[in-house]
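K.L.:
Sharing a structure below in C-alpha cells format, with a few things to ask.
Below, the structure written as C-alpha cells:
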C-alpha cells in the first residue's frame, strides 16, 4: 500500500537489525504481558471464589451477574494488555504503529482482515452483557441448542447441553433466545387420572399433597408461590386420561428439582389411595390358522 493510505510499512532488514539491538526489551515486554495476564486470572479466580462463599444461594441472580461481569471484565483487560504488548513489540521492531493507533488505522486493519463479523460479534456481545439477556450459569435455548451458559465473552457464548457437549456460538448469530432461569422459574406438571375417578376427589387430594409439599423445609426455601392446580379444574380431556396441570413459581433453576420430587410425591400418594394413573396399551390377538 502507499504512504497516503496510512498502511503499516516496514523493511525486513530494519526489523532484523532492531531485533538484534532490542531483543532484551522485547523479552521484557513479553514477560511483563505474561505476568500481568497471570495476575489478572488469579484475581478473577479469587473474585469468583469470594462470590461463591460470600453470596448466599438466595441471591443467586446477583451471583450470576457478578460472575459474568467479572469474567468479561478480566477478558477485556487481558485483551487490551496483549494488544498493548504487541504494539510495544512492533515499535521495538521498527514498525510504525501510529496508523494502527489512529481510529482510521484500526478500521482499515479490521476491513483488511475481513473481520466485519468480529465487529458484529463484539457489538452484539456488548448488548447482551449490558441488557442482561443471560448470565453465566443461566439455562438458555438458542436455536436448536439448549443448555447451561459456561463461558461468555463479547465475541462468543459457550453453552453445554445436557449430554455434555459444549457449543460455541458467535454472539452475532444470537437473534432470538429463551432464558429458562432468569430471575425466577416455574415448575409445570401434567397429571393424568382414569376417567372412572371422581374429579372432585382428585382435586381435593392434589391440594392436600401440594400444601404438605410446600410446607416442607427442604422445598419451602425454593418455592416463591405455593403450587396450585391451574384453574382449579380439569386441564384436558385426553384420549385415555383426565389431565390436571400443576404450576409452581420457584427460585431460578429450581423448577426441575421441584417437578421431579412433586411427581414422585403424587405418584406415591395415588398408589396409596388406589387412584389409577392410566397409560396407553395395545391388545394383541394371535390367530391360530390350524384351528387348534
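Numbering (my numbering), first residue to last: -1 to 290. Even for Gly, the Cβ is constructed at its ideal location relative to N, Cα and C. From a predicted model like this one, the values you see are computed outputs, not experimental measurements.
Going by DSSP, what residues sit across from residue 234 in a beta bridge?
P.N.:
Residue 234 pairs with 241.
K.L.:
Does the beta-carbon of residue 155 have 16 or more other beta-carbons within 10 angstroms, so that it is buried, or is it exposed?
P.N.:
buried
K.L.:
For residue 202, report the span of its alpha helix (DSSP H) as first-last.
P.N.:
197 to 213
K.L.:
Between 44, 80, 76 and 81, which has its C-alpha nearest residue 65's C-alpha?
P.N.:
44
K.L.:
Quick one: is residue 225 buried, meaning 16 or more other Cβ sit within 10 Å of its Cβ, or exposed?
P.N.:
buried
K.L.:
Shortest alpha-carbon distance to residue 164 belongs to which of 149, 174 and 176?
P.N.:
149
K.L.:
Secondary structure at residue 63, three-state DSSP: helix, strand or coil?
P.N.:
helix
K.L.:
Say whether the region 235 to 247 touches the region 196 to 215, bearing in mind that this needs 3 or more beta-carbon pairs closer than 8 Å, one atom from each stretch.
P.N.:
Result yes; three or more Cβ-Cβ pairs closer than 8 Å.
K.L.:
Grouping DSSP H, G and I as helix and E and B as strand, with all else coil, what is residue 131?
P.N.:
coil
K.L.:
At the level of alpha carbons, what is the spacing between residue 117 and residue 257?
P.N.:
42 Å
K.L.:
Can you find the residues in the same chain that come closer than 6 Å, C-beta to C-beta, to residue 277, ignoring five residues on each side of it along the sequence?
P.N.:
Closer than 6 Å at the Cβ level, and outside the excluded window around residue 277, lies no residue.
K.L.:
Alpha carbon to alpha carbon, how far is residue 239 from residue 223? Give it in angstroms, no decimals.
P.N.:
Between the C-alpha atoms of residue 223 and residue 239 there is a straight-line separation of about 28 Å.
K.L.:
Output the distance between the C-alpha atoms of residue 83 and residue 120, rounded to the nearest integer angstrom.
P.N.:
21 Å
K.L.:
Tell me the rounded alpha-carbon separation between residue 197 and residue 132.
P.N.:
Linking residue 197 to residue 132 through their CA atoms gives a straight-line distance of about 41 Å.
K.L.:
Compare the beta carbon distance of residue 136 and residue 147 with 8 Å and say whether it is the shorter of the two.
P.N.:
yes
K.L.:
Between residue 170 and the rest of its own chain, which residues show a CB-CB distance below 7 Å, the 5 nearest in sequence each way excluded?
P.N.:
115, 118, 119 and 122
K.L.:
Relative to the C-alpha of residue 12, which residue among 42, 89 and 38 is closest?
P.N.:
89
K.L.:
Since residue 184 sits in a beta bridge, which residues does DSSP pair it with?
P.N.:
247
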